[in-house]
DNA sequence: ACAGAATATAGTTATACAATGAAATGGTGA
DNA sequence: TCACCATTTCATTGTATAACTATATTCTGT
């Protein structure tokens, strides 16, 4: 068994890690949100930059960013008049690399 | 930028890979479905085994398995009276290992 | 051909998500 | 302090998901 719940047998499984992981996957499992994450990558980007790179309404992006923040996928801080967003956990970027390997056939 | 869409600039981005990836993430982003995947791992398992290991109704599991099949995360084949399910793409298991690294703090 | 096991499907109901447009907040520079 | 830019919040509406129960289908062994 792939151990998202290390050192447990099926019937004794702690659900905790499953739940954390599935919440994060759910948060990332929306095309706009995934695109937001791709666009941010290792950078710190102001919301309006994300809006223009991703391409939908500012309000819509703002709400998706909020979801990513709630789910602790990204963080943001104010700098002057702008809010800068970045991916919170380097492991998330790792995860995205794994997705790239999985879903991006080599040209 | 993390390249889920290799060799493209933001405005020229093909959406294709983003869409594939987000569909898969969405499919995996439900606790029961993630648990199903963990339980199957590298094995081939009959539905009833999954039911008993995951622990909800047969009907519910069947429907989630169906979703995983539609989204091409798992495949299944009949052997005698049983339907055996397995994870379709080894890359999905890789992805799950990456999730494990991300979401399972070491004990 | 029949009984029973294994799995799938359907119908229903409740809940969650997504997109939109309009309005509100908070910071900045003249 | 006023006008403006960046961002958030709100209300609404439509659509998608989830769970449940009951029923149907398909195979197996006798």
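Residue numbers (our numbering), protein chains in the order written: chain A, 153 to 259; chain B, 153 to 259. From the three backbone atoms N, C-alpha and C, an ideal C-beta is built for every residue, glycine too. Nothing here was measured: the structure is a model prediction, and the numbers come from that model.
query	result
Interface flag, residue 220 of chain A vs chain B, CB-CB below 7 Å	no
Residue 177 of chain B and residue 181 of chain A closer than 7 Å at C-beta	yes
Cα-Cα separation, residue 254 of chain B to residue 235 of chain B	32 Å
Pick from B/242, B/252, B/247 that is closest to residue 195 of chain B, judged by C-alpha positions	B/242
Helix, strand or coil at residue 254 of chain B according to DSSP, with G and I counted as helix	helix
Supposed contact pair residue 251 of chain B and residue 247 of chain A - C-beta distance, whole angstroms, cut 8 Å	7 Å
Through-space distance from residue 256 of chain A to residue 169 of chain B, alpha-carbon basis	6 Å
Burial state of residue 185 of chain A (16 or more Cβ within 10 Å)	buried
Contact with chain A by residue 171 of chain B, beta-carbon distance below 7 Å	yes
Neighbour list for residue 238 of chain A in chain B, Cβ cutoff strictly below 8 Å	Within 8 Å Cβ-Cβ: nothing; residue 238 of chain A doesn't reach chain B, min ~12 Å.
Positions along the stretch 178-193 of chain B whose CB lies within less than 9 Å of some CB in chain A	178, 179, 180, 181, 182, 183, 184, 185, 186, 187, 189, 190, 191, 192, 193
Reduced DSSP category for residue 235 of chain A - H, G, I as helix; E, B as strand; rest coil	strand
Contact under 7 Å by Cβ, residue 223 of chain B with residue 172 of chain B	no
Exposed unless 16 or more other CB atoms sit within 10 angstroms - verdict on residue 233 of chain B	exposed
Contact with chain A by residue 243 of chain B, beta-carbon distance below 7 Å	yes
Close Cβ partners of residue 226 of chain B (< 6 Å) along its chain, the five nearest in sequence each way excluded	220, 237, 239, 240
Exposure label - residue 228 of chain B; buried when at least 16 CB within 10 Å	buried
Neighbourhood of residue 203 of chain B by C-beta, 6 Å cutoff - its chain only, sequence neighbours within 5 removed	210, 213
Close beta carbons around residue 216 of chain B, own chain, < 8 Å, minus the five adjacent residues each side	182, 184, 185, 188
Partner residues on chain A for residue 200 of chain B, Cβ-Cβ distance less than 7 Å	Here the premise fails: no neighbours, minimum Cβ distance about 14 Å.
Residue 191 of chain A versus residue 245 of chain B - alpha carbon distance	25 Å
Where residue 267 of chain A meets chain B, residues with beta-carbon distance less than 8 Å	The structure shown has nothing for residue 267 of chain A, since chain A only spans 153 to 259.
Status (buried if at least 16 other CB within 10 Å, exposed otherwise) for residue 258 of chain B	exposed
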